[in-house]
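Protein chains in written order, with this note's numbering: chain A, 797 to 1437; chain G, 579 to 985.
This report refers to the structure that appears directly beneath it.
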């Protein structure tokens, strides 16, 4: 129950994904290196396994934050002040920076209301860390390792648990203030401070939670998902000896909790309870992307099928669409959106208002239930979000005087109109605009398979324009081959290549046509992964990039990178090549080797607006800077129609 | 466009073989199919817009005329006069069964009217078009609103197709149609009052367009400071107005004028400035980069402002903008709002070609190709600000304005 040790009890975070060049000092740390014989089971594996799929380990080590925090936030416990000397060597500007990392005060309400499970996770982790910290680890460069100065470094593995006892002893003894008080006094003071803090926190909770900017400090904290730890916690329990549970629990409040960050569903608890699918285990997920919902692959289909009769409130049409999402049979923004809307339409047709309820409210909540089911199957795309918003606003605007059957027909025709005007007709307008930009002798490049781009190419071909098409494709989806096939059937002359060869083919290309999943109001194009690199190469070669996208996919959000919002694909899809035994090099890894392997299969990326020459929408051709104008106008319009 | 590969020679031969057959018609590709070729400017391979500009502002030499005639050799009837021979050609128009006699009469009158307005050097082409269209309303014998609108539409279409190369003509017609017809004034039950209301609106729009130049000159005064050196390119009436106003406001500045080949509009511009006692220096077009370090501000006019926020202007604008951009000099564009066009060029060749004969002073062997394009496109990232009668705008706002105007 050494206070100082407990304060260090923070999971070690594995360093993966994006490194900043200025944290090379962490390289000597024998993270995955073989020589550290017993440290992997003790420090490594618990840290990586213990994280539930939705948890993010605290971005920075507790005592790393200390320098900043002691200035900003009331120190929660005296035991921390014991570490001040280790902090003393920090330079002040950095400690200012650390204020940006989540301070302890945001440890949540949820944490308080949480069940024992997550705390178990904490115990275990803290234990392992404690264990690790007691391991002698010489030659560890403290000062350099403690100066990470970027977000990537925040995520990086933290060295402090390995700090030797000797150093700590030295540190605490060198603090004069510390030496004065007795242990009992410290304890008393600590308790009173805790009580005060808990009270203030409860107040803050009542007054409302701060809105969540993803990956930054004032994150709203939904309760943690409790699916991961049970097995691990039993191990933890066996490891734990003589730890006072209640004190431990309290202390836990002072640690930054792992962040759950299912970006959209802040109501994690409810979603969890409603969840019909098993969450895949958190094993080997890339650090930077742990806030994203894990991929649910089609292997859960039979499971979901068996649950059909339990989910009686789900309409069969919605259920079918959900299964199609899950199995990956439906892909492409428009197809998914249309399928969803038609399923809703059917559900509305079969709907009857239960007694003592009003249609407006009950149907809205019903639709909400459908939507959360669909989210379970696959995260919504922006376009679907917009369509749902449209539908809900239509329901909310139904006049109360309307009879139920009238209301239902109105809604169904509204949905039909949305599909027709915003998708089908919009595509036709886009075709006409885009075709004016295709000249005889052009070489057009497209990436992946976008249905709008396909229509444009076929339309231009029908108009008798002479052009060639370069279809660029990438693993693992190989959607380009589908497009290629359909183009070849129509008699277009095509070139097919992989993304690797893009810089070679680009110099012959005169136009690049890209589809988009969504366009944000800063002009960022959110599209299939790989689009950004195509656009970037095209920009470098001064080839105009035309992004073709219906205006209903525009979104008022601003996004700067592809990290905070994205979708994860099946990690196994990139590690295996089906049917090619000769290239499946990753097949025969031992479990221990696999522990050091993290697979990242991202679905989308964000293309900065600098690389985009023009956006072709149903409102005409606009520069990426004018997206907000359309978003504003569009919002007004679809709320009014 | 496979020419950039090593096999370009072969490709080119194939390309030529392919295009050899339709070559006599190739110039007509840009003309809209429905109107056939009837109201087309007979000298369709020479931009009428740039010819007018040259006639108004250029220093015309005798070879220029000679070469102009050579360039349009396939038309035997040309004699340098622009509009007079049009009387015969546009008649075919109509095709609209019943009112053919009347329709052709209108087409005749609108282009004629337009040409008579166009002859005035002080009047922008778009304003001339606006005046001509206003005259159409005035002389119309239509008895219903719908009829009048159709007639107006026809007139503006014939104007637009008369010179497809002029962006400001097209834009002016479009703006006029929007301004005049998109109004609640059309909901009068009485046709005559509605018509007079339309005429009123048309006159008002004409006035606004005329005033635009003054507004721009006033707005841009804040951007001309004492002791600055201004580089101008081509002959822009708006820029001249801006500089004139600045001189009247007793600002001390110096102007560098490019020569503006091939019609040498810069010579004319420097003349005008010398009359105002503004210190002015002439450069040849190729000396821009050399003198850019002493320049504080670059000022352009614009033949058309396009949706991307870029401008289409006389040949050479783009390269000056590039030089200015790389030396971090601000580039200002003065343009009236009726020059905003619904047009989105992606690159230089992505416009209907506007050709202009070029005088090299010596005979050019027939094997040597001559680039005769009269204009280029300057992308928005090379422009700093646009002075328009709507205010001082950044390039990205142009698109916003256009969206609001047309949607």
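Cβ coordinates follow ideal geometry from the N, Cα and C atoms, glycine included.
These numbers were taken from a predicted model, which means no experiment stands behind them.
Which same chain residues end up closer than 6 angstroms to residue i when comparing Cβ atoms and leaving out the 5 residues on each side of it in sequence?
i	result
residue 974(G)	887
residue 1396(A)	1082
residue 790(G)	914 and 967
residue 1419(A)	none
residue 1091(A)	1364, 1365 and 1366
residue 1331(A)	1341, 1403 and 1407
residue 1252(A)	1227 and 1230
residue 1162(A)	none
If we cut at 9 angstroms on Cβ distances, does residue i have a partner in chain A?
i	result
residue 958(G)	yes
residue 981(G)	yes
residue 974(G)	yes
residue 930(G)	no
residue 978(G)	yes
residue 968(G)	no
residue 900(G)	no
residue 984(G)	yes
residue 971(G)	no
residue 609(G)	Low confidence applies to residue 609(G): its pLDDT is 38, below 50, so where it sits in the model is not reliable, and the reading given next is rough at best. No, because no Cβ of chain A sits closer than 9 angstroms to the Cβ of residue 609(G).
Since residue i and residue j should fall inside the 8 angstroms C-beta cutoff, what is the C-beta to C-beta distance between them, to a whole number of angstroms?
i	j	result
residue 1295(A)	residue 1341(A)	With a Cβ gap of about 15 angstroms, residue 1295(A) and residue 1341(A) do not count as contacting.
residue 874(G)	residue 836(G)	About 16 angstroms; that fails the 8 angstroms criterion.
residue 1371(A)	residue 1402(A)	Contact doesn't hold; Cβ gap of about 25 angstroms is too wide.
residue 1347(A)	residue 1414(A)	5 angstroms
residue 892(G)	residue 939(G)	With 8 angstroms as the limit, residue 892(G) and residue 939(G) do not qualify as a contact, their Cβ atoms being about 20 angstroms apart.
residue 879(G)	residue 912(G)	6 angstroms
residue 985(G)	residue 976(G)	About 15 angstroms separates the two Cβ atoms, so there is no contact after all.
residue 750(G)	residue 795(G)	Actually they are not in contact, since the Cβ atoms of residue 750(G) and residue 795(G) sit about 20 angstroms apart, beyond 8 angstroms.
Would you say residue i faces chain G, with C-beta separation under 9 angstroms as the test?
i	result
residue 1243(A)	no
residue 1427(A)	no
residue 1286(A)	no
residue 1418(A)	yes
residue 1261(A)	no
residue 1317(A)	no
residue 1381(A)	no
residue 1422(A)	yes
residue 1307(A)	yes
residue 1415(A)	yes
Go through its chain and collect everything with a Cβ distance to residue i's Cβ below 8 angstroms, but skip five positions before and after it.
i	result
residue 808(G)	802, 821, 831, 832, 833, 834, 873, 874, 875, 876 and 877
residue 608(G)	Unreliable placement is indicated for residue 608(G), whose pLDDT of 40 sits below 50; the coordinate value is still reported in the next sentence. If we look at residue 608(G) and ignore the five residues flanking it on each side, its Cβ neighbours are 742, 930 and 931.
Residues of chain D with CB under 9 angstroms from residue i, in chain order?
i	result
residue 1410(A)	Included in the structure are the protein chains A and G, with no chain D among them.
Residues in the same chain with beta-carbon distance under 7 angstroms from residue i, minus the five sequence neighbours each way, listed in chain order, please.
i	result
residue 962(G)	908, 909 and 910
residue 931(G)	951
Handout entry: Continuous beta strand (DSSP E) assignments of at least 3 residues falling wholly in the segment 1230-1255 of chain A
Key = Counting only runs of 3 or more, we get 1238-1243.
Problem - Residues in the segment 1336-1360 of chain A having any Cβ partner in chain G nearer than 7 angstroms - result: 1340
Exercise for the section: Using a Cβ-Cβ cut-off of less than 7 angstroms, list which residues of the segment 836-865 of chain G approach chain A; keep chain order. Expected result: Answer in chain order: no residues at all.
Exercise for the section: Pull out every residue of the segment 1225-1241 of chain A whose Cβ sits closer than 7 angstroms to any Cβ of chain G, in chain order. Expected result: 1233, 1237, 1238 and 1239
Exercise for the section: Starting from the N-terminal side, write out each stretch of the alpha helix (DSSP H) that is 4 residues or longer and does not extend beyond the segment 816-884 of chain G. Expected result: 843-853 and 866-869
Practice task
With a floor of 4 residues, list each alpha helix (DSSP H) that falls wholly inside the segment 710-753 of chain G, ordered by position along the chain.
Solution key: 723-740
Practice task
Write down every uninterrupted run of the beta strand (DSSP E) in the segment 902-970 of chain G whose length is 3 residues or greater and which is fully enclosed by it, in chain order.
Solution key: 909-912, 953-956 and 963-966
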